[in-house]
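Contents: one structure, followed by commentary.
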Amino acid sequence: MDRSNQVSFSVPQRVLHWATALLVFFNLLLPDGMEQWRRAMRQTGSATPEQVSSANIHAYVGIAILALVALRLILRFTQGVPPDPTREPAIFRLAAKIAHFGLYALLIGMPLTGIGAYYFGNGTAGDIHADVLKVVMWVLIAGHVGGALVHQFYWKTNVLRRMTVG
Ligand code: HEM
Ligand code: HEM
């Protein structure tokens with residue numbers, strides 16, 4: 001379905017956006033189980049079953065994010081998205097496009113580098129995951145949420161509405 005003349009994201013697109021946001025914040029804010037597993041592996045070469053269980057939560061949440069983003073991209077290509085809000089200057093429309101593209105890239109890159117580190121013992125992937133992509137993700141999310149707030153309160157456009165109640 002072409003959404004170029006629709007005002008909102010479809011209900012499945014909205015549900016997927018907020019489910020993904022929740023899972024991303026969980027993994028960004030509570031990676032302690034995974035970090036304890038990594039410390040134990042570095043120091044002793046093995047981890048207790050409890051440490052493996054809590055690390056697995058981080059891994060499964062991250063793999064769920066990868067599955068949800070695949071579904072989201074399929075919906076994006078089949079259903080389309082509403083047109084850009086027209087009240088913002090062109091430069092900000094471009095910034096939003098780049099940020100959204102970057103967020104999608106991170107929603108794929110974060111899980112893939114995590115899988116490389118956790119299941120294949122690739123230290124470089126772990127460093128990219130924990131030191132580089134994590135920081136880029138925080139920066140993009142801050143810009144993304146900031147942009148949404150500027151829309152809501154400065155340009156007074158309906159972007160928050162079209163990703164929430166529709
Ligand atoms: C979007 C999904 C994900 C997010 C937002 C995320 C976030 C994080 C964060 C914040 C850390 C702690 C970094 C630090 O400050 O040291 C971390 C570490 C780690 N995560 Fe993830 N993660 C995700 C997916 C995954 C997946 C799917 C796996 C594995 C299957 C994974 C495996 C790891 C490992 C092994 C570490 C320790 C890396 C190291 O320090 O060498 N992550 N992750
Ligand atoms: C409180 C947090 C958040 C708010 C208020 C928010 C708000 C929004 C809004 C209003 C849109 C629609 C933009 C438009 O109409 O063009 C949107 C789109 C999007 N959001 Fe968020 N978001 C949040 C968190 C996140 C997080 C954590 C991620 C991923 C890491 C994310 C990824 C995306 C992506 C990729 C799009 C583009 C959708 C598309 O056009 O296909 N958001 N967000």
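According to the working numbering, the sequence shown is numbered sequentially starting from 1.
Built from N, CA and C at the ideal position, the CB exists for glycine as well.
In this text the structure is predicted, and so the values were computed from the model without any measurement.
In chain order, 23, 26, 27 place their CB closer than 7 Å to the CB of residue 61, counting only its own chain and leaving out the 5 sequence neighbours on each side.
Inter-residue distance for residue 15 and residue 46 is about 39 Å (C-alpha atoms, whole angstroms). Distance from the CA of residue 76 to the CA of residue 13, rounded to the nearest whole angstrom, comes to 8 Å. The count of Cβ pairs closer than 8 Å, one atom from the region 94 to 114 and one from the region 55 to 69, reaches three, so the stretches are in contact. Assignment of residue 64 by DSSP, reduced to helix, strand and coil, places it in the helix class. Between residue 102 and the set 56, 52, 33, 136, the nearest pair of CA atoms involves 136. A contact is defined here as three or more CB-CB pairs under 8 Å, and the region 70 to 89 fails this definition with respect to the region 121 to 128.
For residue 35, the enclosing alpha helix (DSSP H) starts and ends at 32 to 44.
Judged by DSSP in its simplified three-state form, residue 50 adopts helix.
For residue 148 and residue 87, the gap between their C-alpha atoms comes out near 13 Å. Taking all protein chains in view, the Cβ of residue 119 is surrounded by fewer than 16 other Cβ atoms within 10 Å, so the residue is classified as exposed.
Around the beta carbon of residue 138, fewer than 16 other beta carbons sit within 10 angstroms, so the residue counts as exposed.
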